[in-house]
Amino acid sequence: MVPSELSALKAHEAQTWTGVELLVCAVLQLFLVFLAYRLDRSTAQQWFIPESACAILFGLCFGVVLKFCTPVQDDAMGLNPQVLFFGLLPPIILEAGFNMKKRGFFTNFSTILLLAIVGTLIATFVTGGALIWLGHMGWITALTPAEAYLYGALISAVDPIATLSVFKKSDAPPMLFNLVFGESVLNDGVAIVVFVLFQESIRKGVHEINSEAASNVIFQVIVILFGSILLAAVVCLVSAFMLKHADPSLQLYPSYEISIILLSAYISYVVGDLAGLSGIVALFFSGVLMSHYHLTTISQESATALKHLLSTLAFLAENFIFLYLGVSVVAYSGAFKWDWAFIAWQMLILLVARACNTFPLCTLANCGRKEQIPFSFMVVIWFSGLRGAIAFALALNIWTINGDHAGVIKSSTLFTVMSTTLVFGMLTGPLLTSLGLVKVSKSAPLSLRPEAVKLLDEMDQNDNEHGFEESPPSPQHARERLNASNQGMHGLWTSVDEKYLMPLFGRSSPDGALPPPPTPSGFGR
Numbered sequence: 001m002v003p004s005e006l007s008a009l010k011a012h013e014a015q016t017w018t019g020v021e022l023l024v025c026a027v028l029q030l031f032l033v034f035l036a037y038r039l040d041r042s043t044a045q046q047w048f049i050p051e052s053a054c055a056i057l058f059g060l061c062f063g064v065v066l067k068f069c070t071p072v073q074d075d076a077m078g079l080n081p082q083v084l085f086f087g088l089l090p091p092i093i094l095e096a097g098f099n100m101k102k103r104g105f106f107t108n109f110s111t112i113l114l115l116a117i118v119g120t121l122i123a124t125f126v127t128g129g130a131l132i133w134l135g136h137m138g139w140i141t142a143l144t145p146a147e148a149y150l151y152g153a154l155i156s157a158v159d160p161i162a163t164l165s166v167f168k169k170s171d172a173p174p175m176l177f178n179l180v181f182g183e184s185v186l187n188d189g190v191a192i193v194v195f196v197l198f199q200e201s202i203r204k205g206v207h208e209i210n211s212e213a214a215s216n217v218i219f220q221v222i223v224i225l226f227g228s229i230l231l232a233a234v235v236c237l238v239s240a241f242m243l244k245h246a247d248p249s250l251q252l253y254p255s256y257e258i259s260i261i262l263l264s265a266y267i268s269y270v271v272g273d274l275a276g277l278s279g280i281v282a283l284f285f286s287g288v289l290m291s292h293y294h295l296t297t298i299s300q301e302s303a304t305a306l307k308h309l310l311s312t313l314a315f316l317a318e319n320f321i322f323l324y325l326g327v328s329v330v331a332y333s334g335a336f337k338w339d340w341a342f343i344a345w346q347m348l349i350l351l352v353a354r355a356c357n358t359f360p361l362c363t364l365a366n367c368g369r370k371e372q373i374p375f376s377f378m379v380v381i382w383f384s385g386l387r388g389a390i391a392f393a394l395a396l397n398i399w400t401i402n403g404d405h406a407g408v409i410k411s412s413t414l415f416t417v418m419s420t421t422l423v424f425g426m427l428t429g430p431l432l433t434s435l436g437l438v439k440v441s442k443s444a445p446l447s448l449r450p451e452a453v454k455l456l457d458e459m460d461q462n463d464n465e466h467g468f469e470e471s472p473p474s475p476q477h478a479r480e481r482l483n484a485s486n487q488g489m490h491g492l493w494t495s496v497d498e499k500y501l502m503p504l505f506g507r508s509s510p511d512g513a514l515p516p517p518p519t520p521s522g523f524g525r
């Protein structure tokens, strides 16, 4: 067989097996949907198994089959990391911002910023410093300082999907949910920014990190984060203005309205990445702003469809990432270098680094909070530092001069994501119960009771109508709250939003109701 024919045959086999892999992944996703439904209906709150953990286990099983039944090369990585960053992560991040309970998020915004920015930097430098010291002692693979801090940045990206699933099922305290959720979404953006900065240092041949370089990293993180938020605001307000002043007949075409919103959000993500900003942060705040302004100008049909579409896409993307993670442990193990001493030590370091930022920063935040964060909440926040899709995607995208060091980082990240999701995710329920934060009940879960469904619907409506306010005010109380809060940032924002921004970019009516869809007579004849 001539080389060209052999090459064509291999390409055909690879294409065939790619189709088989996608088919199996689709079937596994289908099983996960039914499993997630059963888990949501389950009343076994104490030993809740998250969908993400099930996805990893399914992926492990598929990985074993893939390794022994397919011609995939052992050192292949399978999925292109760019597919994760530009295809799978955007719907997850956008959904998090779009369907977020904004009242709880912005009520705790200062604490969330403290945990997400300062906490991530503390975790990065504590982890990196400890790895450097252990490497000098000869106990683990000796990474360069830049590589150690690079790993500290990527492994500081928390992704408590499993924990938040338990919170929702167990009816955990709202403040605890808001703190864990808020920290996780902003922490991802900070971790990616720090990761990229250290990655650029390695590419430039800079391997030593001194105090001046560390200070420069911290300064750039702050600039990039606020620049990303500004980018999101510009893109979203432009698209909101377009929808606000578009032909009213556009509301007869929900697919067009939804397309405008999705494309605008994706533009903010890609532009943020190309401009050296944080696409993750830009996309998250795009979701927040779009749910505040855009939902008040599009039809009710479009708003409902968009919410469910984003939730569905995020659910499927999350499951696919965890499936692929499980597959990678077995099928693509040749791309990793397994240093078990490194893995064991870094697991201990991660727990210590997480404690070094969670407990001191929560205590510091309590100095300026009216509603104090109890110690039991701090324990759960520390425990909920699971690693997930962001850390895994960054590890796949890593580049170092020493290939063995990259292999060690990838294997350690893979093990950490899998172990924290499986172990910590499944132990979250018992921890909440032991701390007295939830009450175990054998009755039907909250989500199944009719009165709860009505309550949740009302909460959703109120959250959309008063997106950036701490609680849904009555019409009579709204003006009193505005006058009473004029001295604070929240009062200033509310005043500017209601007087200038909302009339220009959002609803025209003061009650915040979504506009009724136009009749067919709106078309010109």
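Residue numbers (full-length UniProt numbering): 1 to 525. Note that the Cβ used here is the ideal one computed from N, Cα and C, for glycine as well. Bear in mind that the values here come from a model prediction, so they are computed numbers and not experimental data.
In or out: residue i buried (at least 16 other Cβ within 10 Å) or exposed?
| i | result |
| --- | --- |
| residue 20 | exposed |
| residue 228 | buried |
| residue 341 | exposed |
| residue 320 | buried |
| residue 372 | exposed |
| residue 499 | exposed |
| residue 204 | exposed |
| residue 324 | buried |
| residue 453 | Its pLDDT being 40, under 50, residue 453 is placed unreliably by the model, and nothing is read from it. |
| residue 90 | buried |
| residue 236 | buried |
| residue 273 | buried |
| residue 23 | exposed |
| residue 299 | buried |
| residue 31 | exposed |
| residue 16 | exposed |
| residue 251 | buried |
What do you reckon, are the CB atoms on residue i and residue j nearer than 7 angstroms?
| i | j | result |
| --- | --- | --- |
| residue 207 | residue 124 | no |
| residue 26 | residue 322 | no |
| residue 314 | residue 268 | no |
| residue 50 | residue 165 | yes |
| residue 505 | residue 256 | no |
| residue 148 | residue 122 | no |
| residue 356 | residue 378 | no |
| residue 158 | residue 429 | no |
| residue 536 | residue 435 | No answer is possible for residue 536: it lies beyond the span of the chain, which begins at 1 and ends at 525. |
| residue 140 | residue 338 | no |
| residue 254 | residue 311 | no |
| residue 413 | residue 391 | yes |
| residue 127 | residue 152 | yes |
| residue 393 | residue 57 | no |
| residue 154 | residue 406 | no |
| residue 189 | residue 270 | no |
| residue 161 | residue 52 | yes |
| residue 59 | residue 326 | yes |
| residue 387 | residue 417 | yes |
| residue 415 | residue 343 | yes |
| residue 146 | residue 222 | no |
| residue 130 | residue 156 | no |
| residue 67 | residue 330 | yes |
Residue i: which of the options sits nearest, CA to CA?
| i | options | result |
| --- | --- | --- |
| residue 545 | 89, 429 and 365 | With the chain covering 1 to 525 only, the question about residue 545 has no answer from this structure. |
| residue 380 | 313, 155 and 424 | 424 |
| residue 33 | 392, 391 and 318 | 318 |
| residue 100 | 179, 191, 222 and 344 | 179 |
| residue 438 | 417, 151, 300 and 169 | 169 |
| residue 262 | 276, 240 and 277 | 240 |
| residue 167 | 497, 130 and 426 | 426 |
| residue 367 | 106, 88, 39 and 114 | 114 |
| residue 86 | 201, 278, 108 and 242 | 278 |
| residue 370 | 28, 16 and 108 | 108 |
| residue 219 | 234, 29, 67 and 118 | 118 |
| residue 501 | 30, 142, 234 and 29 | 234 |
For residue i, write down the residues that DSSP places opposite it in a beta bridge.
| i | result |
| --- | --- |
| residue 496 | None, per the DSSP bridge assignment. |
| residue 158 | 387 |
Return yes when at least one heavy atom of the ligand ATP lies under 6 angstroms from the C-beta of residue i, else no.
| i | result |
| --- | --- |
| residue 232 | With respect to small molecules bound, the structure shown includes none, and the ligand ATP cannot be examined in it. |
For this session: Check whether the segment 172-184 touches the segment 202-215, counting contact only when three or more Cβ pairs, one atom from each stretch, lie closer than 8 angstroms.
Result: No contact exists between the segment 172-184 and the segment 202-215.
Exercise. For the segment 407-425 against the segment 185-198, are there 3 or more C-beta pairs whose distance is under 8 angstroms?
Worked result: no
For this session: Check whether the segment 179-190 touches the segment 90-110, counting contact only when three or more Cβ pairs, one atom from each stretch, lie closer than 8 angstroms.
Result: yes
Exercise. With a cut-off of 8 angstroms, do at least 3 Cβ pairs link the segment 279-294 to the segment 346-356?
Worked result: no
Problem set entry | Cβ contact check for the segment 388-400 and the segment 303-310: 3 or more pairs under 8 angstroms | Segments in contact, no.
Exercise. Can we say the segment 240-253 touches the segment 54-68, given the rule of at least three CB pairs closer than 8 angstroms?
Worked result: no
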